[in-house]
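Chains C and B, in that order, give the protein sequences. Position one of the first sequence corresponds to residue 622 (the working numbering), numbered consecutively onward. Position one of the second sequence corresponds to residue 5 (the working numbering), numbered consecutively onward. All C-beta atoms in this analysis are idealised placements derived from N, C-alpha and C, irrespective of residue type, glycine included.
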Amino acid sequence: DSGVTQTPKHLITATGQRVTLRCSPRSGDLSVYWYQQSLDQGLQFLIQYYNGEERAKGNILERFSAQQFPDLHSELNLSSLELGDSALYFCASSPSTGGETQYFGPGTRLLVL
Amino acid sequence: GQNIDQPTEMTATEGAIVQINCTYQTSGFNGLFWYQQHAGEAPTFLSYNVLDGLEEKGRFSSFLSRSKGYSYLLLKELQMKDSASYLCAVRDQRSNDYKLSFGAGTTVTVRA
């Protein structure tokens, strides 16, 4: 158990819908990272938040957005969902701005029908 | 950006040794990580190298050569539970920003 929690574990929805994924980092960690993992793409970095502020952006679509709240938990919002958004979404956390090991949560499996 | 290459699949016998190679190209190298990922589960941290040489952790060892852009993960005394995907990840640093990029992963199958 890494200490990173994610909810929900599974999510099934329809195309065009919007969902919110939630992540709580390890106690004391200030950075949260979001990753997408699909069968044909591997683990892709989406976005990083550090202490409430966006720190780095990866291959995140405009339909996706994220935020980090004062209690340091983070939410990833996915809107106008498409079939291709079906994937595992992982959250990871680290103590500071990124120069440390990242520890991953159990993931949310999203299925868009 | 990074270009990270590792073999897609490897098969080995229980009790044997397997070496997973990883080559990378990056402009601001700041460390190389190996993660283990069982199907449908979270990646779990195995090892970290930032200086050249071998890091040993029980049955797992990781080696780095920065000049060659090369690393390997060595799994000894293979057990059935070692069947998993092994992800090589490279961290870049630019100023105060860091970025971790993952290879596609190597699926290791351990056979009895």
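Quiz item: Where does Asp650 (chain C) fall in DSSP's three states?
Solution: coil
Practice problem: Tell whether a beta-carbon distance below 8 Å holds between Arg115 (chain B) and Glu18 (chain B). | Solution: yes
Quiz item: Can you tell me the Cα-Cα spacing of Glu721 (chain C) and Thr628 (chain C), whole angstroms?
Solution: 24 Å
Quiz item: Looking at Tyr724 (chain C) and Val625 (chain C), is the spacing between their C-beta atoms short of 8 Å?
Solution: yes
Self-check item: chain B contact residues for Pro727 (chain C), given Cβ-Cβ distances below 8 Å
Solution: Glu45 and Ala46
Quiz item: When DSSP labels each residue in this structure, what does Asp706 (chain C) get in the three-state scheme?
Solution: helix
Quiz item: Just how far apart, CA to CA, sit Thr27 (chain B) and Arg730 (chain C)?
Solution: 30 Å
Quiz item: Does the Cβ of Ala43 (chain B) have 16 or more other Cβ atoms within 10 Å, making it buried, or fewer, making it exposed?
Solution: exposed
Quiz item: Can you list, in chain order, the stretches of the beta strand (DSSP E) that have 3 or more residues and sit fully within the segment 63–114 of chain B?
Solution: 64–69, 74–79, 88–98 and 101–106
Quiz item: Using 8 Å as the threshold, is the segment 47–60 of chain B in touch with the segment 68–88 of chain B, meaning 3 or more CB pairs across them?
Solution: yes
Quiz item: So, is the C-beta of Gln750 (chain C) closer than 8 Å to a C-beta in chain B?
Solution: Here chain C comprises residues numbered 622 to 734, so residue 750 (chain C) is not present and cannot be evaluated.
Exercise. Measure from the C-beta of Lys61 (chain B) to each C-beta in chain C and report whether the shortest distance is under 8 Å.
Key: no
Quiz prompt | Proximal residues, the segment 679–711 of chain C versus chain B, C-beta separation under 7 Å | solution = Phe711
Self-check item: Where Pro11 (chain B) sits in the DSSP three-state scheme
Solution: coil
Quiz item: When the Cβ atoms of the segment 61–71 of chain B are set against those of the segment 93–110 of chain B, are three or more pairs found closer than 8 Å?
Solution: no
Quiz prompt | Close-in-space but distant-in-sequence residues of the same chain around Gly5 (chain B) (CB under 6 Å, 5 per side omitted) | solution = With a pLDDT of only 47 at Gly5 (chain B), under 50, the local geometry of the prediction cannot be trusted, and the value read off the model is given with reservation. Excluding positions up to five away in sequence, the list is empty.
Quiz item: What separation, rounded to the nearest whole angstrom, lies between the Cα atoms of Gln10 (chain B) and Leu55 (chain B)?
Solution: 20 Å
Practice problem: Scan the segment 77–110 of chain B for residues whose Cβ lies nearer than 9 Å to a Cβ of chain C and list them as they occur along the chain. | Solution: Leu91, Ala93, Arg95, Gln97, Asn100, Asp101, Tyr102, Lys103, Leu104, Ser105, Phe106, Gly107, Ala108 and Gly109
Exercise. Have a look at C:Gly726, C:Gly663, C:Ser717 and C:Leu667 and flag the residue whose alpha-carbon is nearest the alpha-carbon of Gln688 (chain C).
Key: C:Leu667
Quiz prompt | Below-8 Å beta-carbon distance, Thr722 (chain C) vs any chain B residue | solution = yes
Quiz item: How would you call Gln23 (chain B), buried or exposed, if buried means at least 16 neighbouring beta carbons within 10 angstroms?
Solution: exposed
Quiz prompt | 7 Å Cβ shell around Ala88 (chain B) - same chain, five flanking residues per side excluded | solution = Gln40, Gln41, His42 and Val112
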